[in-house]
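Sequential numbering of the sequence shown, starting at 1, is according to this note's numbering. Even for Gly, the Cβ is constructed at its ideal location relative to N, Cα and C. The structure presented is a predicted model; accordingly, all values stated were derived computationally and were not measured. Data block below; observations after.
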Amino acid sequence: MLDIMMPLLNGIDAAREIAETCPDTQVVLLTALDQERLVTEAVSAGVRGFVLKTQAEEDLLQAIEQVSRGGFYAGGGVSQAVVEACRAAAAQDRGHLTPRERQVVQLVAEGKSTKQVAALLGITIKTAEFHRARVMKKLDVHDVAGLVRYAIREGLVTP
């Protein structure tokens with residue numbers, strides 16, 4: 001069970017790392033958001049279930065049981081988003097940020113300095129600056145405020 005809004009490493013990136021290191025582990029994502037992009041990205045990261053925080057009391061046990069049996073669970077309002085996300089993913093191939101780039105955007109949007117980003121991710125300041133510059137170029141944003149808006153819109157941080 002992962003929350004999509006975890007500090008340092010969001011739930012989707014954590015699910016991706018879990019899938020790579022422990023492929024038999026099944027992940028259910030707890031989220032306040034049912035955005036298509038998040039669902040598509042989570043499915044590609046290996047997430048096997050979605051529970052909206054507003055429906056957690058009703059759906060959580062059922063999600064864990066279904067996913068532990070090898071199934072897929074989409075509770076409440078997520079179901080339609082899953083269907084739409086799968087259709088959108090098949091019809092559209094967008095250039096996404098790498099997991100490291102998403103981490104950098106998330107940390108910058110959380111107000112971390114370049115030095116703090118570097119320390120938290122175990123990289124040099126120059127590498128953190130490089131990642132931030134590359135992200136800004138990819139997203140065609142020209143300042144930190146633009147990165148923050150992107151991070152909020154994409155669900156990497158909450159306002």
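The residue among D13, D59, L30 with its C-alpha nearest the C-alpha of E41 is D13.
In the DSSP secondary-structure assignment, D140 is not bridged to any residue. The DSSP assignment places complete beta strand (DSSP E) segments of no fewer than 3 residues inside the stretch 16-70 at 27-31, 47-52, in order along the chain.
Within its own chain, the residues whose Cβ lies closer than 7 angstroms to the Cβ of V144, once the five positions on either side in sequence are excluded, are V108, listed in chain order.
Here the alpha carbons of A74 and L139 stand approximately 30 angstroms from one another. Fully enclosed alpha helix (DSSP H) runs of no fewer than 4 residues occupy 99-109, 114-121, 125-139 of the stretch 96-146, in order along the chain. Between the alpha carbons of T124 and N10 lies a distance of about 21 angstroms. For the 9 angstroms CB-CB criterion, V157 and E110 form a contact. Within the same chain, Cβ atoms closer than 6 angstroms to the Cβ of P159 are found at I152, the five residues on either side in sequence being excluded. By the criterion of a C-beta distance shorter than 7 angstroms, Q55 is surrounded in its chain by G75, G76, once the five residues flanking it on both sides are discounted.
Rounded to whole angstroms, the separation of the alpha carbons of K126 and A63 is 43 angstroms. Looking from the CA of A133, the closest CA among L30, E20, R100 belongs to R100. Taking 8 angstroms as the upper bound for CB-CB distance, A32 and K53 are in contact here, some 5 angstroms apart.
Q103 has its alpha-carbon roughly 30 angstroms from the corresponding atom of Q66.
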